[in-house]
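Visitor:
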Amino acid sequence: MTTTATDTPRATAHRRLSPLARREARWAYVFLAPWIVGFLVFFAGPMLASLWLSFTEYDIVNAPRFTGLDNYRQLLTDPMVARSLGNTVLFTVCHVPLVMVISLALAMLLVRVKRLQGFFRTVFYLPVMTPAVAVGVLFLLLLNTQDGLVNRALGVVGIDGPSWTTDPHWVMPGIVLMSLWSLGSSVVIYLAALQNVPRELHEAATVDGASGWQRFRNVTLPMISSALFFTLIVNTIAALQMFTEVYTMYFGNRQTQTSFNADAATFYVIYLFQQAFQFLHMGYASALAWLLFLIILAITVVQMKLGNRFVYYEGEDR
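Quick note: the sequence shown uses the numbering used here, first residue 102, plus one each step.
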């Protein structure tokens, strides 16, 4: 087969495909079409629409009015943006390390369990399946100052439990405590990673005289570093978007809202939600959403750059 100077590489490659290969390629596009359409309609489309709305003043009732960078200038002067973002970052800094440490400890305990490992793995994962609204209602009852189970348990050992849901100083610790309810997914991931650590490495380290801590630090952690890195990124992104449970606990009940300073529980996504659906400031809410997107993107990029220096991938030359 001869080619002319006007032939493009793509056209040449297309002619080289057999009829069967071309038929398979067409069917591949057919099966990919639902995902492509869903991506364009439910993800890319709304993102582009929100980007346009972030430069407008829009209240749903009236047509959007272009205002340029006014919404982004307002972000710099709005005190609630800094307050809600500070609450979100504080929660993330507390939540992510706690989830990772506790999940790893539970996973290491499960590795030692043989017969009932499947049972306990299911028990730890079941809370993840609980609807977020139900979790918020559950912990609103558990952390109740007078009748809550947590304060009753503290009272048994002689500790006067704090006002978890009304004292602004204890609101954040209560939310962090609630967030530990859904650490089961991290436990399952760490358990799978621990089970894939070659036993020969531990045996060789033991022969060399390594202690339990030395084996954990120099063998276990490097071998499961990819799982740790994955959960670090996923849990960070989830924590920065914390919404449903906190909104259910502190903003779904008007009586709860009036009993304390709600600013202590105002997370960034909650403030975004209020601007969009309570005050109908859709343009400003879109600007808030894009700021959060850029923050998450920047944090993820930094984590990827730093994480690649410490993460071990099997089969990778070091």
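C-beta: ideal position from N, C-alpha, C; glycine also.
(1) Measure the CB-CB distance between residue 241 and residue 266 and report whether it falls below 8 Å.
(2) What residues in its chain sit with their C-beta under 7 Å from that of residue 369, if we drop five residues either side in the sequence?
(3) Would you call residue 371 buried or exposed, if buried means 16 or more other Cβ atoms sit within 10 Å of its Cβ?
(4) Identify which residue in 154, 346 and 171 has its Cα closest to the Cα of residue 237.
(5) Kindly list the residues whose CB is nearer than 8 Å to the CB of residue 221, restricted to its own chain and excluding five residues on each side of it in sequence; keep chain order.
(6) Would you mind reading off the limits of the alpha helix (DSSP H) that contains residue 263?
(7) For residue 413 and residue 323, which I take to be in contact (beta-carbon distance under 8 Å), what is that distance rounded to the nearest angstrom?
(8) What number of angstroms, rounded off, separates the C-alpha of residue 257 from the C-alpha of residue 249?
(9) For residue 280, which of 342, 405 and 382 has the nearest alpha-carbon?
(10) In terms of residues, what are the limits of the alpha helix (DSSP H) holding residue 282?
(11) Can you tell me whether residue 275 is buried or exposed? The criterion is at least 16 other CB atoms within 10 Å of its CB, across all chains shown.
(12) How is the alpha helix (DSSP H) around residue 160 delimited, first residue to last?
(13) Do you know offhand how far residue 67's Cα is from residue 389's?
(14) Could you tell me which of 307, 160, 290 and 194 sits nearest to residue 378, measuring between CA atoms?
Guide: The relevant details are as follows:
(1) Here residue 241 refers to the residue found at position 140 when the sequence shown is read from its first residue. Here residue 266 refers to the residue found at position 165 when the sequence shown is read from its first residue. Between residue 241 and residue 266, the CB-CB gap stays under 8 Å.
(2) Taking the sequence shown and counting its residues from 1, one reaches residue 369 at position 268. Excluding positions up to five away in sequence, the list reads 185, 186, 189 and 393.
(3) Within the sequence shown, residue 371 is the residue found at index 270, counting from 1. By the neighbour-count definition (other C-beta atoms within 10 Å, threshold 16), residue 371 is a buried residue.
(4) Taking the first residue of the sequence shown as position 1, residue 237 is located at position 136. Checking every option, the nearest Cα to that of residue 237 belongs to 346.
(5) What you label residue 221 is simply residue 120 of the sequence shown in a count that begins at 1. 211 and 214.
(6) The residue labelled residue 263 in the question sits at position 162 within the sequence shown. For residue 263, there is no enclosing alpha helix (DSSP H), as DSSP gives it neither H nor E.
(7) As a first step, residue 413 must be located in the sequence shown, where it is residue number 312. As a first step, residue 323 must be located in the sequence shown, where it is residue number 222. Confirmed, Cβ separation roughly 5 Å.
(8) Within the sequence shown, the letter at position 156 stands for residue 257. Within the sequence shown, the letter at position 148 stands for residue 249. Approximately 13 Å, taken between the alpha carbons.
(9) Taking the sequence shown and counting its residues from 1, one reaches residue 280 at position 179. Of all alpha-carbon atoms in 342, 405 and 382, the one lying nearest the alpha-carbon of residue 280 is that of 342.
(10) As a working mapping, residue 282 is identified with position 181 in the sequence shown. Membership of residue 282 in any alpha helix (DSSP H) is not indicated, and neither H nor E is assigned to it by DSSP.
(11) For the purposes of this step, residue 275 is taken as the residue at position 174 of the sequence shown. Per the 10 Å Cβ criterion, buried.
(12) What you label residue 160 is simply residue 59 of the sequence shown in a count that begins at 1. The continuous stretches of alpha helix (DSSP H) do not include residue 160, and DSSP gives it neither H nor E.
(13) Because the chain here runs from 102 to 419, residue 67 falls outside it and cannot be looked at.
(14) Your numbering for residue 378 matches position 277 in the sequence shown. Nearest C-alpha to residue 378: 160.
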